[in-house]
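Student:
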Amino acid sequence: MGEWLDADQQRAWLAFMRVQQRINFEANRQLQTDSGLSLADYDILNVLVEGAMSITVIAQILGWERSRVSHQTKRMATRGLVRTGPDSDDRRVTVVEMTEAGRQANRDAAPGHVALVRRLFFDGLTPEAVRQLTAALEAVHKNLEPL
1 MGEWLDADQQ RAWLAFMRVQ QRINFEANRQ LQTDSGLSLA DYDILNVLVE GAMSITVIAQ
61 ILGWERSRVS HQTKRMATRG LVRTGPDSDD RRVTVVEMTE AGRQANRDAA PGHVALVRRL
121 FFDGLTPEAV RQLTAALEAV HKNLEPL
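Once you know that position 86 of the sequence shown is 86 in full-length UniProt numbering, the rest is easy, because the numbers rise by one and skip nothing.
Next up, the structure:
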């Protein structure tokens, strides 16, 4: 395999990057406008739907640095979306829990966010194209798992 991407790989990579960056931009803008949440807020709230968890676990799930999660959750706590505190078993570990205000904000934001994702990502794709895209993205994700 050569040092550079071949033409098809380059085209696929650039298309992925354009789509990923634009969808993140549009999702952040839509969430801010409709609900006052940032995309980062929404990402963390969606992780916390599963229950309280440590900053380290949130970082692993989202693929973020621990410091980013820590700073983001501090901002969210000042707005009443989450609560943070020491773990009852290991006080060195910070646990984050969604508040009722966070749950409500997440519920309120979801319909507009889902509509945007459907419009920007799925409209124009056939069911077969969605299956193929899913298979391709799952294959790429397997490359990330050892990281």
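All residues carry an ideal CB built from backbone N, CA and C; glycine is no exception. These numbers come from a predicted model, not from an experiment.
#1: Pick out whichever of Thr94, Val140, Asp43, Ala15 has its Cα sitting closest to the Cα of Asn28.
#2: Cβ atoms of Val69 and Ala77: under 8 Å apart, would you say?
#3: Rounded to the nearest angstrom, what separates Asp34 and Met17 at their Cα positions?
#4: Can you tell me which of Val140, Asp8, Ala40, Ala115 puts its alpha carbon nearest to the alpha carbon of Arg75?
#5: Which residue from Leu133, Arg66, Ser38, Trp4 puts its Cα closest to that of Val96?
#6: Let me know if Gly36 comes out buried or exposed under the rule of 16 or more other beta-carbons within 10 Å of its beta-carbon.
#7: Among residues of its own chain, excluding the 5 on either side of Ser88, which ones have a beta-carbon nearer than 7 Å to its beta-carbon?
#8: Identify every run of the beta strand (DSSP E) within the UniProt domain "HTH marR-type" (9–142), keeping only runs that are complete inside it and at least 3 residues long; order them along the chain.
#9: Pull up the distance between the alpha-carbon of Val82 and that of Phe122, whole angstroms please.
#10: Expressed to the nearest angstrom, what Euclidean distance is found between the alpha-carbon atoms of Leu116 and Lys142?
#11: Measure the alpha-carbon distance for Val57 versus Thr94 and round it to whole angstroms.
#12: Quick one: is Gly51 buried, meaning 16 or more other Cβ sit within 10 Å of its Cβ, or exposed?
#13: Just to confirm before moving on: does the CB-CB distance between Met98 and Leu48 stay below 8 Å?
Tutor: In terms of the structure at hand:
#1: Asp43
#2: no
#3: 25 Å
#4: Ala40
#5: Arg66
#6: exposed
#7: none
#8: 82–86, 94–98
#9: 31 Å
#10: 27 Å
#11: 10 Å
#12: exposed
#13: yes
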